[in-house]
Amino acid sequence: MWRELRDELHPGGFELVTIALDIGGIDAAGPFIERAQPTHPSLVDDRHALDELFGVVNVPSGIWIDEEGMIVRPPEPAWPGRSVVSKIITGEM
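Residue numbers for the sequence shown follow this note's numbering, beginning at 1226 and rising by one.
And the structure:
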């Protein structure tokens, strides 16, 4: 799902970054990342800094950050359908 979303929206300037929140670090999260074969940046947060900085409490969660580094949508569940995300990006919603 994430690959399709990124491939569809990346030409318009959208970048998707996934971050695994796992105190086990790359040893624990790495196999899941490798299995997913992401085409987008995929990071691991072993200190749960996202929890502290952005209030992420549920996984998967989505945070929208603009090109200026400003949060434009706070953390929320990250499973809306692709059509919903496309409409938000294009300003239709």
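Note that beta-carbon positions come from the ideal geometry of N, C-alpha and C, so glycine has one too.
Closest residue to residue i among the options (Cα-Cα distance)
{"i": "tryptophan 1227", "options": "Ser1286, Glu1292, Arg1298, Val1297", "result": "Ser1286"}
{"i": "leucine 1268", "options": "Phe1257, Leu1230, Glu1277", "result": "Phe1257"}
{"i": "glutamate 1233", "options": "Thr1264, Glu1292, Glu1301, Ala1245", "result": "Thr1264"}
CB-CB length for residue i against residue j, believed under 8 Å
{"i": "valine 1284", "j": "leucine 1246", "result": "6 Å"}
{"i": "isoleucine 1288", "j": "proline 1300", "result": "5 Å"}
{"i": "isoleucine 1290", "j": "valine 1297", "result": "7 Å"}
CA-to-CA distance, residue j to residue i, given in whole angstroms
{"i": "threonine 1243", "j": "histidine 1235", "result": "14 Å"}
{"i": "arginine 1272", "j": "glycine 1316", "result": "35 Å"}
{"i": "glutamate 1259", "j": "glutamate 1229", "result": "17 Å"}
{"i": "leucine 1275", "j": "arginine 1231", "result": "21 Å"}
{"i": "glycine 1238", "j": "aspartate 1270", "result": "25 Å"}
{"i": "glycine 1280", "j": "methionine 1295", "result": "15 Å"}
{"i": "proline 1248", "j": "glutamate 1277", "result": "The question names proline, but residue 1248 in the sequence shown is isoleucine. C-alpha separation (whole angstroms): 14 Å."}
{"i": "glutamine 1262", "j": "aspartate 1252", "result": "16 Å"}
Exposure label - residue i; buried when at least 16 CB within 10 Å
{"i": "alanine 1254", "result": "buried"}
Any alpha helix (DSSP H) of 4 or more consecutive residues that is wholly inside the region 1232 to 1308
Those alpha helix (DSSP H) runs which fall completely within the region 1232 to 1308 and span 4+ residues are 1250 to 1261, 1274 to 1279.
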